[in-house]
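S.K.: Protein chains in written order, with our numbering: chain A, 1 to 149; chain B, 1001 to 1245.
1. Indicate the three-state DSSP secondary structure (helix, strand or coil) for residue 1152 of chain B in the structure shown.
2. Classify residue 52 of chain A: buried if its beta carbon has 16 or more other beta carbons within 10 angstroms, exposed otherwise.
3. Run through chain B and tell me which residues come within less than 7 Å of residue 126 of chain A, C-beta to C-beta.
4. When you compare only the Cα positions, how much space is there between residue 143 of chain A and residue 134 of chain A?
5. Is residue 1003 of chain B helix, strand or coil when you go by DSSP?
6. Rank B/1153, B/1084 and B/1238 by C-alpha distance to the C-alpha of residue 2 of chain A and give the top, closest one.
7. What are the boundary residues of the alpha helix (DSSP H) that residue 1253 of chain B is part of?
8. Compare the Cα-Cα distances from residue 1071 of chain B to each of B/1049, B/1142, B/1014 and B/1208 and report the closest residue.
9. Can you name the start and end residues of the beta strand (DSSP E) that residue 118 of chain A belongs to?
10. Any Cβ of chain B within less than 7 Å of the Cβ of residue 100 of chain A?
11. Is it right to say residue 1029 of chain B is buried, meaning 16 or more other beta carbons lie within 10 angstroms of its own, or is it exposed?
12. Check whether the Cβ of residue 37 of chain A lies closer than 7 Å to any Cβ atom in chain B.
13. Provide the residue span of the beta strand (DSSP E) that contains residue 87 of chain A, from first to last.
14. Would the C-beta of residue 1144 of chain B count as close to the ligand NAP, meaning under 6 Å from any of its heavy atoms?
15. Out of B/1102, B/1055, B/1226 and B/1109, point me to the one whose CA is closest to residue 1011 of chain B's CA.
16. Quick one: list the residues of chain B neighbouring residue 121 of chain A, beta-carbon separation under 8 Å, in chain order.
17. So that I know if they touch, is there some Cβ in chain A lying closer than 7 Å to that of residue 1300 of chain B?
18. Using a beta-carbon distance below 7 Å, is residue 1011 of chain B in contact with chain A?
19. Where do the ends of the alpha helix (DSSP H) carrying residue 1100 of chain B lie?
20. Comparing the C-beta of residue 1065 of chain B with each C-beta of chain A, is any distance below 7 Å?
21. Flag this pair as touching only if the region 4–24 of chain A and the region 1081–1096 of chain B have three or more C-beta atom pairs under 8 Å; answer yes or no.
22. Which value, in whole angstroms, describes the spacing of the CA atoms of residue 17 of chain A and residue 1033 of chain B?
23. Could you round the C-beta distance between residue 124 of chain A and residue 117 of chain A to whole angstroms and report it? I think they count as a contact, below 8 Å.
24. Counting only beta-carbon atoms, is residue 1098 of chain B nearer than 7 Å to chain A?
25. Can you check whether the C-beta of residue 91 of chain A is within less than 7 Å of a C-beta belonging to chain B?
26. Considering only the alpha carbon of each residue, which of A/72, A/81, A/43 and A/4 lies closest to residue 113 of chain A?
27. Are residue 1074 of chain B and residue 1163 of chain B touching if we call contact CB-CB under 7 Å?
28. List, in chain order, every chain A residue whose beta-carbon is nearer than 7 Å to that of residue 1127 of chain B.
29. Of all the residues that make up the region 1090–1114 of chain B, which are near chain A by a beta-carbon distance shorter than 8 Å?
30. Who pairs with residue 75 of chain A in a beta bridge, going by DSSP?
31. Under a CB-based cut-off of 7 Å, is residue 1180 of chain B close to chain A?
32. Which word fits residue 1036 of chain B, buried or exposed, when buried means at least 16 other C-beta atoms lie within 10 angstroms of its C-beta?
33. Among all the DSSP beta bridges, which residues are the ones paired with residue 55 of chain A?
34. Rounded to a whole number of angstroms, what is the C-alpha to C-alpha distance between residue 1055 of chain B and residue 1198 of chain B?
35. Assign residue 1114 of chain B to buried or exposed, taking buried as 16 or more other Cβ atoms, counted over all protein chains shown, within 10 Å of its Cβ.
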């Protein structure tokens, strides 16, 4: 390799390293803003912004979904398997919304600790399988934990 | 072996070599794409949660993979062009940009179409979607910068620097779903673990991914040949080629 080429290669390497470090610092500084949602543990611990809207993400707890008599309002709790937060939402839920499903809700925390959502999105997981496989997986899981399907 | 690569770097030889392998690559790409679409649309079972709407991933996922892959190819060949001043590397870098931009656009559009029924929204500003949008802007920036400079070799050099700066976005896109909480789900296939997807769905996905790779190869070779003719239009061999009956 000629000296000129080595110099150019070194310059490119330095440029890449410099840009990488700069972007790394910037992303680190903006880490909180890049979080799309807060898990319930953070909300309970008071890390979520109080007073203005934020997003809450987690799993819908099994057996927690209640429909209020007005027919549009739904109450459920969102959990990250450690802590859970009650959510109230008035409106149409996405197709994938069900118990045990991951969701992201946008709204604000009311004084009594209930999260009032104005938008609920379903979060899809990275698993893809046919229904019969899901059924047999669920069957073996329920047998192991002793819960009814 | 080295002799072959040295020869290939000469635009004239490359033009002929690419012309000879193009029909074969095109046929292989078509066959793979047909097989992948058949497997994906007719053979693969429906998903337990999403039903049939998940099938858009046979386009979406390969397009998203290719948007990253093409960018890396563009940046690496740009770097080779910068350091060794190989004309062909510059040509490949410049020829790749519009193809990569198309793949990125396709990934964003199919993702939005899938997101509406699945998530309940066309678009969210989460880390994965936003970084992929930035990738589209990087591609557009590369294309714009390249066409803004008159002299082809100067343009290629400026473009390569921009492409190299933007390469920092590639790991961000890939790891965005791990580093931050995003609405977009985590990796299904590209992780150090067993893919969390049924084998009958994985096979068409990989077939389509391979077909997309070949599609890129075919288009980049065609675009590179075109670019070579344009750049070398004043040389003897191009004149001979054009004037030959």
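C-beta: ideal position from N, C-alpha, C; glycine also.
M.R.: Put simply:
1. Taking the first residue of the second chain as position 1, residue 1152 of chain B is located at position 152. Correct three-state label for residue 1152 of chain B: helix.
2. As a first step, residue 52 of chain A must be located in the first chain, where it is residue number 52. The residue is exposed, with fewer than 16 neighbouring Cβ atoms inside 10 Å.
3. Here residue 126 of chain A is taken as the residue at index 126 of the first chain, counted from 1. Among the residues of chain B, those whose CB is under 7 Å from the CB of residue 126 of chain A are 1185, 1186, 1187, 1188 and 1196, following chain order.
4. In the first chain, the residue the question calls residue 143 of chain A occupies position 143. In the first chain, the residue the question calls residue 134 of chain A occupies position 134. Summary for residue 143 of chain A: the model assigns pLDDT 49, below 50, so the residue's position carries little reliability; its value from the coordinates is reported in the next sentence. In this structure, the CA atom of residue 143 of chain A is about 14 Å from the CA atom of residue 134 of chain A.
5. Looking up residue 1003 of chain B in the second chain gives position 3. Looking at residue 1003 of chain B - three-state DSSP - the assignment turns out to be helix.
6. As a first step, residue 2 of chain A must be located in the first chain, where it is residue number 2. For residue 2 of chain A, the nearest C-alpha among the options comes from B/1084.
7. Nothing about residue 1253 of chain B can be reported from this structure: the residues present for chain B run from 1001 to 1245 only.
8. What you label residue 1071 of chain B is simply residue 71 of the second chain in a count that begins at 1. Per the Cα distances, B/1142.
9. For the purposes of this step, residue 118 of chain A is taken as the residue at position 118 of the first chain. Its beta strand (DSSP E) spans residues 115–123.
10. Here residue 100 of chain A is taken as the residue at index 100 of the first chain, counted from 1. So, not an interface residue.
11. Indexing the second chain from 1 puts residue 1029 of chain B at position 29. Per the 10 Å Cβ criterion, buried.
12. In the first chain, residue 37 of chain A corresponds to position 37, counting from 1. It does: the Cβ of residue 37 of chain A has a partner Cβ on chain B nearer than 7 Å.
13. Taking the first chain and counting its residues from 1, the one referred to as residue 87 of chain A is at position 87. If you look at residue 87 of chain A, you'll find it in the beta strand (DSSP E) that goes 84–90.
14. Absent from the structure shown: the ligand NAP. Ligands present: none.
15. Along the second chain, one-based indexing puts residue 1011 of chain B at 11. Residue B/1226 is the option with its Cα nearest to residue 1011 of chain B.
16. Position 121 of the first chain, counting from 1, holds the residue named residue 121 of chain A. Against chain B, the beta carbon of residue 121 of chain A has neighbours under 8 Å at 1119, 1120, 1121, 1124 and 1183, listed in chain order.
17. The requested residue 1300 of chain B is not part of the displayed model; chain B covers only 1001 to 1245.
18. In the second chain, the residue the question calls residue 1011 of chain B occupies position 11. With 7 Å as the cut-off, residue 1011 of chain B does not count as an interface residue toward chain A.
19. The residue labelled residue 1100 of chain B in the question sits at position 100 within the second chain. First-last of the alpha helix (DSSP H) with residue 1100 of chain B: 1087–1118.
20. Position 65 of the second chain holds residue 1065 of chain B. Chain A, which has no Cβ nearer than 7 Å to the Cβ of residue 1065 of chain B, makes this no.
21. The answer is yes - the region 1081–1096 of chain B touches the region 4–24 of chain A, with three or more Cβ pairs under 8 Å.
22. Stepping through the first chain from its first residue, residue 17 of chain A is reached at position 17. Stepping through the second chain from its first residue, residue 1033 of chain B is reached at position 33. The alpha-carbon atoms of residue 17 of chain A and residue 1033 of chain B are separated by roughly 39 Å.
23. Taking the first residue of the first chain as 1, we reach residue 124 of chain A at position 124. Taking the first residue of the first chain as 1, we reach residue 117 of chain A at position 117. Your pair residue 124 of chain A and residue 117 of chain A does not check out as a contact, with CB atoms roughly 18 Å apart and the cut at 8 Å.
24. Sequence index remark: in the second chain, residue 1098 of chain B carries index 98 (1-based). Taking 7 Å as the CB threshold, residue 1098 of chain B stays off the interface with chain A.
25. The residue given as residue 91 of chain A occupies position 91 in the first chain. Put simply, the CB of residue 91 of chain A is far from chain B, with every gap to its CB atoms at 7 Å or more.
26. Mapped onto the first chain, residue 113 of chain A falls at position 113. Out of A/72, A/81, A/43 and A/4, A/43 has the C-alpha closest to the C-alpha of residue 113 of chain A.
27. Here the question's residue 1074 of chain B lines up with position 74 in the second chain. Here the question's residue 1163 of chain B lines up with position 163 in the second chain. Yes, the Cβ-Cβ distance between residue 1074 of chain B and residue 1163 of chain B is below 7 Å.
28. Here residue 1127 of chain B refers to the residue found at position 127 of the second chain. In chain order: 34 and 36.
29. Under the 8 Å Cβ criterion, the region 1090–1114 of chain B contributes no residue.
30. For the purposes of this step, residue 75 of chain A is taken as the residue at position 75 of the first chain. Note: residue 75 of chain A sits in a beta bridge opposite A/66 and A/88.
31. For the purposes of this step, residue 1180 of chain B is identified with residue 180 of the second chain, where counting begins at 1. Under the Cβ criterion of 7 Å, residue 1180 of chain B is counted among the residues facing chain A.
32. Translated into the one-based positions of the second chain, residue 1036 of chain B becomes position 36. Counting Cβ neighbours within 10 Å, residue 1036 of chain B comes out buried, since at least 16 surround it.
33. Start at 1 with the first residue of the first chain, and residue 55 of chain A comes out as number 55. DSSP links residue 55 of chain A through a beta bridge to A/106.
34. In the second chain, counting from the first residue as 1, residue 1055 of chain B sits at position 55. In the second chain, counting from the first residue as 1, residue 1198 of chain B sits at position 198. Roughly 13 Å separates the two Cα atoms.
35. Here residue 1114 of chain B refers to the residue found at position 114 of the second chain. Counting the other CB atoms within 10 Å of its CB gives residue 1114 of chain B a total of 16 or more, which places it among the buried residues.
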